[in-house]
């Protein structure tokens, strides 16, 4: 393969592929809006269940609507017995995101709604997926450690249920609320790679599960959902606050990045980082391991200063920067960081799939079918002469 | 939702998203080229194994290379016992494409190559996927009918093995070769929706299985891989040659399409249709059911004429038009038509994933991250005022 050949690889950057009513991100000023509402307001005052309702139904629920919606989610949290049987056949060393992708695809097998192409069926599948994501991951977290899955509790909300099913212990209100805020912050972010993958699959009129499984696959990549794991690995490697400056210098000397600093979209700090940081600090205090937050804070300070000094550029914290230490303090295994991202982002994925397949003038989906530029030149401009096997 | 609002929905039509060395399609003259070779030459003279080798390694194999490659595929056809155990937990009414998507994701659980981001690991995963696709589908075809899966035969090639594992009977040479040609014809087709979905997922540095599972999901949509099923359902509904004209007239009167006629890319007959038609005819003669080919032929003739007469436009047969009756004559269940498409197209998907992640100047993938146009106007140009739950 000719390594020097110029290769067109747009990554679709800056290309407006479709319109959407779901969310807006203005990276210049660090503004994120879900269905008209600022993410700061939602994180401070709304539960994940309220945000899911907002994303699905385009309005915040009143008390009765929320209660009914919470009851629907609660009723859908369980997994079929045959699904648990299948999970138990899976090798224990499987990557958790691969378990989730298989899990999403397997849920389709149990649901007759996959045979109905309608807004109503899509909404039902959306709620089932949102409800079951935490149960799948918590069940796997136990099965891979040779423990029995814990059934969801009808007395707990969405965030608390995940922590409960994973550990077997009911979290206190503060931890549950912190985790709830994390879910709110990660629920939606316009046409990111995983959301676009889900929309792309949905555009062929494939069903909700098929589309969401694509989203899970996309999120599993280290350039996307895998980034918060890299941040925590970095914090663990650094180990203490006094080693931060040397680490930053060594990374930049080697031409490497600092995980959690920098983002394609933002030209200021990601607003989500500012909401996550105080929660990370508080959890560090609670667990008696304040160092992970402190290293992060020092890394932000030194990283920004050294980038400015050496390269003359401002660099900003992204959403992965403080979520890493926060999840770690909650006792969540590193390889569950990306699945937690998925447990939140499923809310956005399903809203986008419904929009792609059923919204307004786009009700007849236009299948995404881009062009490519053929740069094969195996036999010059003409096609190659076929030589039969006998004569090769 | 405002139904009248203009919605941007490009479908990426006409947008050159990346360059590729893998294949070229010129819809104006009906030309398809894989790595420089005309599809007519490959269909007439090469086996699917040769074509897979060509797609993966950019050259046709010589005799020794082909023999070694066939041996590698043969060695990889089996499925892990735990994988079969998992398949046996699946509900019998599951859609076969959903089984395949889950199957791809589950294969990742058994493969340590998913932890290695390298060209070599990707190539190994590619071969495993190509080898195992027929085994997965054949195993499911038997399990759902309460029969034990049939192990792959070391004495049969790729195409013959699928038919053998599905039915338990070794196909004769003609049927095996016809099926082999079908696989060659469906192996690759530039940046179609499923291939683009696989590339999109791969662009995040997700592994081969995660990307291919997205391709399977995309292909499952009725606008993409589901089309040949619709053609066969149409042929069965028409039932006999004398009813064709009434059917075409009724469909056009109702503003409906004729499945298998028309394609986004081609302005002449799809060249693959001309290769499939004589095989369909021959298989119809062999099975004593010539009507499915005859109805197809009449439908092509009448469909084209009536379209021309009524709308003044030329319409052309696509690849799904004659593959439907051909698969049906081979005794393949209707809901396995799309999985067969996948058994062929996996060759293209894996080549594209490798190109996306490792080819030339694109070796550092640019994650596909398009823009969207926010058309939410829930509270006018400003964001909405958040009203707490208590006050809603």
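Residue numbers (the working numbering), protein chains in the order written: chain A, 74 to 465; chain B, 74 to 465. Every residue, glycine too, gets a C-beta built ideally from N, C-alpha and C. A quick note: this is a predicted structure, and the numbers were derived from the prediction, not measured.
Residue i in three-state terms, based on DSSP
i             : result
residue 88/A  : coil
residue 320/A : helix
residue 389/A : coil
residue 288/B : helix
residue 246/B : helix
residue 176/B : helix
residue 459/A : coil
residue 184/B : coil
residue 454/A : strand
residue 334/A : strand
residue 301/B : helix
residue 339/A : coil
residue 325/B : helix
residue 153/A : coil
residue 349/A : helix
residue 145/B : helix
residue 196/B : helix
residue 310/A : helix
residue 161/A : helix
residue 167/B : coil
Min CB distance residue i to chain A below 7 Å
i             : result
residue 183/B : yes
residue 449/B : yes
residue 343/B : no
residue 250/B : no
residue 445/B : yes
residue 423/B : no
residue 393/B : no
residue 158/B : yes
residue 81/B  : yes
residue 272/B : no
residue 459/B : yes
residue 253/B : no
residue 196/B : no
residue 135/B : yes
residue 411/B : no
Minimum Cβ-Cβ distance from residue i to chain B less than 7 Å
i             : result
residue 406/A : no
residue 199/A : no
residue 84/A  : yes
residue 439/A : yes
residue 89/A  : yes
residue 332/A : no
residue 97/A  : yes
residue 191/A : no
residue 125/A : no
residue 106/A : yes
Proximity test, residue i beta-carbon vs the ligand ADP heavy atom, cut-off 6 Å
i             : result
residue 225/A : Although the ligand ADP was asked about, the structure shown includes no ligands whatsoever.
- Query: How about the segment 291 to 300 of chain B and the segment 267 to 280 of chain A: do they share at least three Cβ pairs that are nearer than 8 Å?
  - Reply: yes
- Query: Can you find at least 3 beta carbon pairs, one from the segment 346 to 360 of chain A and one from the segment 390 to 405 of chain A, that sit closer than 8 Å?
  - Reply: yes
- Message: Can you confirm whether the segment 212 to 224 of chain B touches the segment 161 to 181 of chain B when touching is taken to mean that 3 or more C-beta pairs between the two stretches lie within less than 8 Å?
- Response: Yes, the segment 161 to 181 of chain B touches the segment 212 to 224 of chain B.
- Quick one, which residues of the segment 278 to 311 of chain B are near chain A if we go by CB-CB under 9 Å, in chain order? 278, 279, 280, 282, 283, 284, 285, 286, 287, 288, 289, 290, 291, 292, 293, 294, 295, 296, 297, 298 and 299
- Query: Just by C-beta distance, which residues in the segment 110 to 121 of chain B are closer than 8 Å to chain A?
  - Reply: Under the 8 Å Cβ criterion, the segment 110 to 121 of chain B contributes 110, 111, 114, 115, 118 and 119.
- On the three-pair Cβ rule with 8 Å, is the segment 188 to 198 of chain A touching the segment 179 to 186 of chain B? no
- Message: Three Cβ pairs or more, each shorter than 8 Å: is that satisfied between the segment 307 to 322 of chain A and the segment 300 to 319 of chain B?
- Response: no
- Does the pairing of the segment 268 to 275 of chain A with the segment 185 to 192 of chain A give three or more beta-carbon distances under 8 Å? no
- Message: At 4 residues or longer, what runs of the alpha helix (DSSP H) sit wholly inside the segment 391 to 451 of chain A?
- Response: 392 to 402 and 410 to 431
- Message: Does the contact criterion of 3 or more C-beta pairs under 8 Å hold for the segment 248 to 264 of chain A versus the segment 93 to 104 of chain A?
- Response: yes
- Taking three-plus beta-carbon pairs below 8 Å as touching, is the segment 250 to 261 of chain B in contact with the segment 119 to 130 of chain B? yes
- Determine contact between the segment 142 to 159 of chain B and the segment 109 to 119 of chain B, defined as no fewer than three beta-carbon pairs at a distance below 8 Å. no
- Task: Pick out the complete alpha helix (DSSP H) segments inside the segment 199 to 278 of chain B, 4 residues or longer, and give them in chain order.
- Result: 231 to 240, 246 to 259 and 266 to 275
- Should the segment 98 to 112 of chain B be called in touch with the segment 448 to 461 of chain A, which here means at least 3 C-beta pairs below 8 Å? yes
- Task: Could I get the ranges of all uninterrupted alpha helix (DSSP H) runs contained in the segment 355 to 384 of chain A, with 4 residues as the minimum, in chain order?
- Result: 364 to 384
- Item | Given 8 Å, three or more beta-carbon pairs between the segment 157 to 165 of chain A and the segment 156 to 170 of chain B | yes
- Message: Report the start-end ranges of each alpha helix (DSSP H) in the segment 77 to 143 of chain A that is 4 residues or longer and not cut off at the edges.
- Response: You should have 112 to 118 and 121 to 130.
- Query: Which residues, in order along the segment 138 to 157 of chain B, keep a beta-carbon less than 7 Å from a beta-carbon of chain C?
  - Reply: Here chain C cannot be found, since the structure's protein chains are A and B.
- Message: Any C-beta of chain B within less than 8 Å: which residues of the segment 218 to 229 of chain A qualify?
- Response: none
- Is it a yes or a no for the segment 375 to 393 of chain A touching the segment 322 to 339 of chain A, going by three-plus beta-carbon pairs under 8 Å? yes
- Going along the segment 352 to 365 of chain B in order, which residues come within less than 8 Å of chain A, judged by CB to CB distance? none
- Does the pairing of the segment 377 to 386 of chain A with the segment 222 to 242 of chain A give three or more beta-carbon distances under 8 Å? no
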